[in-house]
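A.B. asks: Before I ask anything, here is the structure I am working with.
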Amino acid sequence: MVGQSLRSICADKEMPYQATVYRWLTQYESFRDQYARAREVQADTLADEILDIADDSARDIQMDAQGNERTQHEAINRSRLRVDARKWLAGQLAPKKYGDRIQQNISGANDGPIEQKITVVDETQVKAAVAHLEDNY
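According to numbering that gives the first Met the number 0, the sequence shown is numbered sequentially starting from 0.
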């Protein structure tokens with residue numbers, strides 16, 4: 000069950016309903032602590048899955064009936080979607096560890112104006128870099 004969503008875990012007949020879990024979260028501090036730790040583990044599991052998905056190229060190319068290699072864009076796009084979904088969720092579950100980083104540089108004299116430069120590293124930049132690599136290799 001490591002890495003599964005609460006919804007999928009609670010779908011198991013041997014597990015409590017989601018509403019019960021949410022009620023326990025408000026009622027029991029020890030349960031809240033265990034739940035928070037489980038969410039941290041889930042974020043780490045998602046990060047591991049991202050690497051596995053990104054490294055798996057088994058379905059990226061297939062042979063057609065004539066023996067020609069054909070790029071399977073649907074499989075590649077599905078892998079990209081799976082990575083993006085996990086990346087987003089990991090960033091929501093553990094933003095300090097897996098969230099987008101914001102770099103801020105402040106400079107200026109004590110009496111002068113302050114200059115500020117903010118660089119946001121987000122998935123748009125990552126997607127552009129991946130697209131560039133795919134187009135050139």
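The beta-carbon is built from N, C-alpha and C at its ideal position, and this holds for glycine as well.
(1) How far does the alpha helix (DSSP H) with Glu-48 in it extend, from its first residue to its last?
(2) Per DSSP, which residues does Gln-61 bridge with? Please list them.
(3) With a threshold of 8 Å on Cβ separation, who are the neighbours of Met-62 within its own chain once the five nearest residues in sequence on each side are excluded?
(4) What is the C-beta distance between Arg-85 and Ile-49, in whole angstroms, given that I count them as a contact (C-beta under 8 Å)?
(5) Hey, could you find the ends of the alpha helix (DSSP H) Pro-15 is sitting in?
(6) What residue range is occupied by the uninterrupted alpha helix (DSSP H) comprising Arg-100?
(7) List the whole-angstrom C-beta distance separating Leu-80 from Ala-42, where the pair is believed to meet the contact cut-off of C-beta under 8 Å.
(8) Would you kindly work out how many angstroms separate the C-alpha atoms of Leu-88 and Ala-64, rounded to a whole number?
(9) Might you give, ordered along the chain, the residues of its own chain that have their beta carbon closer than 6 Å to the beta carbon of Ser-78, omitting 5 neighbours on each side?
(10) Identify which residue in Gln-17, Gly-90, Lys-126 and Val-82 has its Cα closest to the Cα of Val-167.
(11) Assign Tyr-97 to buried or exposed, taking buried as 16 or more other Cβ atoms, counted over all protein chains shown, within 10 Å of its Cβ.
C.D. replies: Well, looking at it:
(1) 28-54
(2) Arg-69
(3) Glu-68 and Arg-69
(4) 5 Å
(5) Run containing Pro-15: none; DSSP gives neither H nor E here.
(6) Run containing Arg-100: none; DSSP gives neither H nor E here.
(7) With a Cβ gap of about 19 Å, Leu-80 and Ala-42 do not count as contacting.
(8) 40 Å
(9) Within the same chain, Ile-52 come within 6 Å of Ser-78 by CB-CB distance, once the 5 residues on both sides are set aside.
(10) Nothing about residue 167 can be read from this structure; the chain reaches only from 0 to 136.
(11) buried
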